[in-house]
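Student: Residue numbers (this note's numbering), protein chains in the order written: chain D, 42 to 374; chain L, 42 to 374. All C-beta atoms, glycine included, are put in the ideal place defined by N, C-alpha and C.
There are 2 protein chains.
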Amino acid sequence: MRVTIKDVSRVAGVSIKTVSRVMNKEKYVRDETRRRVEAAVAQLNFSPSLAARTLAGSRSFQIALIYDNHSPYYIHAIQEGVWARCRAEGVRMLAQPVDIASENLAQEIGGLIDETHVDGVILSSPVTDAPEALAELERRGIRFVRISPGTNHAITSSVFMDDAQAADDMTMHLINEGHRRIGFILGHPNHMASDQRHYGYRRALDRAGIDYEPDLVRPGLFDFASGMAAAEELLKRRAKPTAIFASNDDMAAGVLSYAHRMGLDVPQDLSVAGFDDTDLAQLVWPPLTTIRQPTRDLAYAATGLLFGQDEGAIHQRLPHELMVRASTTRVRP
Amino acid sequence: MRVTIKDVSRVAGVSIKTVSRVMNKEKYVRDETRRRVEAAVAQLNFSPSLAARTLAGSRSFQIALIYDNHSPYYIHAIQEGVWARCRAEGVRMLAQPVDIASENLAQEIGGLIDETHVDGVILSSPVTDAPEALAELERRGIRFVRISPGTNHAITSSVFMDDAQAADDMTMHLINEGHRRIGFILGHPNHMASDQRHYGYRRALDRAGIDYEPDLVRPGLFDFASGMAAAEELLKRRAKPTAIFASNDDMAAGVLSYAHRMGLDVPQDLSVAGFDDTDLAQLVWPPLTTIRQPTRDLAYAATGLLFGQDEGAIHQRLPHELMVRASTTRVRP
DNA sequence: CTGTTAGCGCTTTCAA
DNA sequence: TTGAAAGCGCTAACAG
């Protein structure tokens with residue numbers, strides 16, 4: 042039924058061990074032998090059984106991607122990045138949603154590792170910061186890499202973007218367009234990125250000699266509704282901001298929605314800026330100024346770390362990229 | 042190192058075969074024996090190796106979900122549904138993106154099956170209609186189920202929603218609100234759902250005794266841009282439609298965006314209706330009337346078919362659900 | 001109801 | 001540079 046290594050060895054006229062050597066790209070195989078084996082593999086259309094390789098060997102050619110995130114766009118970007126790198130490495134990706142609030146989080150992750158023999162694990166936010174998950178992984182001594190962890194970047198391999206610099210750049214961009222009253226909507230308090238972005242916003246104002254006004258900074262929860270609510274508060278002020286910078290794309294979309302409802306012309310009456318993991322914001326309203334979050338690239342890099350590339354770096358800080366989607370209008374003096 | 046079935050058998054004082062019986066919930070194990078084994082399993086925190094089970098047995102406890110769809114929302118919904126059912130069945134889901142335009146599509150799918158020994162395959166659109174993929178699957182005689190296939194529903198197990206009835210219901214809903222000039226935006230010509238929805242629209246008009254006006258029907262491609270373009274054409278007419286019904290949510294979002302740009306008040310000046318796989322449309326503009334597409338449920342049902350539940354049904358037609366998100370205003374007479 | 005024996009398809013180890 | 005033998009951790013097919 043199934044084509045096995047034995048069939049290949051028979052056709053190629055070598056031992057199964059030699060076929061194994063070729064499949065694993067080992068040295069010490071004569072060129073001509075290798076070619077014969079490769080021909081047989083192609084002829085029989087042989088794909089080795091992962092189960093057998095896993096059982097006999099020390100690798101499973103599989104890694105797990107663990108997440109508990111309900112943003113489809115985010116998950117998609119993460120999966121894409123991990124998947125692309127896995128593909129390049131000839132490894133399979135096991136996508137594993139979990140519930141970080143679950144009592145048995147550690148057990149679930151442990152069971153996954155035992156059952157599948159995965160060679161490594163990628164953690165995406167917020168599983169990156171679930172202590173039970175981290176403890177279980179460390180107890181087992183399995184390789185793992187965290188993507189955009191909220192805390193303790195240094196304790197393990199992790200990748201993340203330079204959030205402070207990104208927010209600084211965006212704020213400076215708005216300042217350069219003439220804005221002086223720039224509203225800011227904070228991110229979810231649980232996420233370390235929120236602090237970083239807030240810090241970057243403030244640092245840019247400082248550098249430009251603009252006073253930091255606490256009234257122009259409103260709380261948010263990284264979702265559409267809190268973006269709308271924050272916009273409402275900001276736009277009710279006597280001294281309206283001329284620009285609003287939201288800490289993520291969902292909130293920026295909320296700001297846009299509120300602005301439209303109020304009959305404001307964006308970007309004539311109000312510039313709206315945000316981060317962008319996705320094409321969500323662009324979809325909602327094109328004239329939005331966004332900083333592209335390199336989620337996919339982060340995931341790609343994280344997976345590379347798992348495979349031992351870039352061994353030197355304990356963690357990597359990836360650059361951000363300022364993308365002005367459409368020109369925001371300069372504020373009239 | 043690893044806890045194996047042997048360790049469990051030693052602790053429980055039985056043979057490994059008995060442990061195997063308990064793990065597989067076979068009959069013919071004395072209750073007390075079963076309990077002893079279960080206690081040992083719990084004590085040692087034993088999770089059987091999938092690789093070993095796969096190699097020795099006839100099942101792999103894994104299925105593959107194959108897709109080539111670039112809508113994050115859609116993929117997410119599909120994954121969620123498949124995943125939920127897999128979890129209930131104690132089976133792992135292998136998410137496998139592919140490129141249906143690839144030369145080696147069949148080979149890739151074949152390789153996946155050989156490597157992983159998956160017990161079955163779920164196909165999501167548009168892989169559901171890639172002849173090479175279907176041929177490969179049939180050649181191997183592996184179980185597979187298609188979700189919302191574009192064509193040939195009957196040739197294999199498949200699940201899909203009742204698109205014609207959904208479109209009929211939505212159209213009737215608009216008619217009941219007093220609308221007589223209802224614009225319709227067609228879906229992508231490659232998708233069978235497009236025809237179905239068009240048919241449902243027309244059938245409802247017929248029943249209400251409203252003439253079908255070809256001018257009120259514009260082509261679309263299931264994306265934001267084509268929705269905007271179609272809206273532009275429809276709203277330039279001398280006899281503007283009072284409502285526009287788009288064949289999917291992305292296009293409905295495009296209609297809304299264009300309406301806003303034109304300063305139209307939705308739903309005062311124009312009712313906008315669409316299908317909704319996602320919360321995208323709601324996000325863009327809440328006062329949208331939508332029919333909820335049961336994507337997640339379809340995926341869940343498809344996976345059930347794969348596991349042999351509902352054996353009788355070759356294919357299943359799932360109901361749709363009309364969800365009026367916010368009241369559309371009645372048209373003044 | 002329970003146990004014994006023989007593999008599944010590979011890699012590892014060791015020898016040639 | 002190649003091959004033979006011994007498992008990896010389970011389940012299938014039998015015996016009892």
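Within 10 angstroms of its Cβ, does L:Arg43 collect 16 or more other Cβ (buried), or is it exposed?
Tutor: exposed
Student: Relative to the alpha-carbon of D:Pro167, which residue among D:Pro230, D:Glu130, D:Gly151 has its alpha-carbon at the smallest distance?
Tutor: Distances from the alpha-carbon of D:Pro167 to those of D:Pro230, D:Glu130, D:Gly151 put D:Pro230 closest.
Student: Since L:Leu106 and L:Gln120 should fall inside the 8 Å C-beta cutoff, what is the C-beta to C-beta distance between them, to a whole number of angstroms?
Tutor: 7 Å
Student: Considering only residues of the segment 232 to 299 of chain D, which uninterrupted alpha helix (DSSP H) runs meet the minimum length of 4 residues and lie entirely inside it, listed in chain order?
Tutor: 233 to 249, 265 to 277
Student: My output table needs one value for L:Pro360: the three-state DSSP class, helix, strand or coil.
Tutor: Coil.
Student: Between L:Tyr253 and L:Arg243, is the Cβ-Cβ spacing less than 8 Å?
Tutor: yes
Student: Is L:Tyr303 buried or exposed, if buried means 16 or more other CB atoms sit within 10 Å of its CB?
Tutor: For clarity, residue 303 of chain L is Met in the given sequence; the question names Tyr instead. Exposed, since its Cβ has fewer than 16 Cβ neighbours within 10 Å.
Student: From the DSSP output, which residues share a beta bridge with D:Phe201?
Tutor: D:Arg358
Student: So, helix, strand or coil for D:Tyr108, using DSSP?
Tutor: strand
Student: Just to confirm my understanding: we take L:Ile141, look at its own chain, exclude 5 residues before and 5 after, and list those with CB closer than 7 Å. What are they?
Tutor: Asp109, Pro167, Val168, Ala171
Student: Hey, could you find the ends of the alpha helix (DSSP H) D:Gln84 is sitting in?
Tutor: 72 to 85
Student: What does a CB cutoff of less than 6 Å around D:Glu177 pick up in its chain, not counting 5 residues either side in sequence?
Tutor: Ala147, Ile150, Gly151
Student: Going by the DSSP bridge assignment, what does D:Leu135 pair with across the sheet?
Tutor: For D:Leu135, the beta-bridge partners assigned by DSSP are D:Ala105.
Student: Which whole-angstrom value is the C-beta distance of D:Phe263 and D:Asp236, which I expect to be below 8 Å?
Tutor: Actually they are not in contact, since the Cβ atoms of D:Phe263 and D:Asp236 sit about 13 Å apart, beyond 8 Å.
Student: Along the segment 150 to 163 of chain D, where does the CB come closer than 9 Å to a CB of chain L? Name the residues.
Tutor: Taken in chain order, the members of the segment 150 to 163 of chain D whose beta-carbon sits within less than 9 Å of a beta-carbon on chain L are Gly151, Gly152, Leu153, Ile154, Asp155, Glu156, Thr157, His158.
Student: What residues of chain L sit near D:Tyr36, judged by a beta carbon separation below 7 Å?
Tutor: Since the first residue of chain D shown is 42 and the last is 374, residue 36 of chain D is not available in this structure.
Student: Tell me, which residues are paired with D:Phe185 by DSSP?
Tutor: D:Val162
Student: Output needed in chain order: residues of the segment 71 to 95 of chain D with a Cβ under 9 Å from some Cβ in chain L.
Tutor: Cβ proximity to chain L below 9 Å picks out Asn86, Phe87, Ser88, Pro89, Ser90, Leu91, Ala92, Ala93, Arg94, Thr95 from the segment 71 to 95 of chain D.
Student: Quick one: using the 10 Å Cβ neighbour count with 16 as the cut-off for buried, is D:Gln357 buried or exposed?
Tutor: buried
Student: Give every residue of the same chain whose Cβ lies closer than 6 Å to the Cβ of L:Val296, excluding the five residues on either side of it in the sequence, and list them in chain order.
Tutor: The answer, listed in chain order, is Gly268, Ala272, Ile285, Ala287, Val313.
Student: Taking L:His232 as the query, report the chain D residues whose CB atoms sit under 7 Å from its CB, ordered along the chain.
Tutor: Listed by position along chain D, the residues whose Cβ is nearer than 7 Å to that of L:His232 form an empty set, because the closest Cβ is around 21 Å away.
Student: Excluding five sequence neighbours on each side, which residues of the same chain lie with their C-beta closer than 6 Å to the C-beta of L:Ala205?
Tutor: Listed in chain order, the non-local C-beta contacts of L:Ala205 below 6 Å within the same chain comprise Gln237, Tyr240, Gly241, local neighbours out to five positions each way being set aside.
Student: With distances taken Cα to Cα, identify the nearest neighbour of D:Thr192 among D:Ile183, D:Arg184, D:Leu175.
Tutor: Considering only D:Ile183, D:Arg184, D:Leu175, the residue with the shortest C-alpha distance to D:Thr192 is D:Leu175.
Student: Along the segment 124 to 146 of chain L, what residues have a CB closer than 8 Å to any CB found in chain D?
Tutor: Trp124, Arg133, Met134, Leu135, Ala136, Pro138
Student: In whole angstroms, give me the CA-to-CA distance for D:Tyr69 and D:Ser61.
Tutor: Cα to Cα, D:Tyr69 sits roughly 12 Å from D:Ser61.
Student: At least one CB of chain D closer than 8 Å to the CB of L:Ala367: is that the case?
Tutor: Its pLDDT being 44, under 50, L:Ala367 is placed unreliably in this model, and the value from its coordinates should be taken loosely. Cβ-Cβ to chain D under 8 Å: no for L:Ala367.
Student: Any idea if L:Arg128 is buried or exposed, counting beta-carbon neighbours within 10 angstroms, 16 or more meaning buried?
Tutor: exposed
Student: How would you list, in chain order, the residues of chain D whose beta-carbon sits under 8 Å from the beta-carbon of L:His117?
Tutor: Pro113, Ile116, His117
Student: Kindly say whether L:His301, judged by its beta-carbon, lies nearer than 8 Å to any beta-carbon of chain D.
Tutor: At least one chain D Cβ lies under 8 Å of L:His301.
Student: Can you tell which of D:Leu311, D:Asp310, D:Leu276, D:His361 has its C-alpha closest to the C-alpha of D:Pro335?
Tutor: Considering only alpha carbons, the answer is D:His361.
Student: Run through DSSP, which three-state label would L:Ser50 get?
Tutor: Three-state result, L:Ser50: helix.
Student: Compute the Euclidean distance between the alpha carbons of L:Leu96 and L:Gly224, then round it to the nearest angstrom.
Tutor: 58 Å
Student: Could you tell me the boundaries of the beta strand (DSSP E) in which D:Ser312 lies?
Tutor: 312 to 317
Student: Out of D:Arg278, D:Leu246, D:Thr74, D:Gly182, point me to the one whose CA is closest to D:Ala208's CA.
Tutor: D:Leu246
Student: Work out the CA separation of D:Ile332 and D:Trp316 for me, nearest whole Å.
Tutor: A small correction: the amino acid at residue 316 of chain D is Phe; Trp does not occupy that position in the sequence shown. Whole-angstrom Cα-Cα distance: 5 Å.
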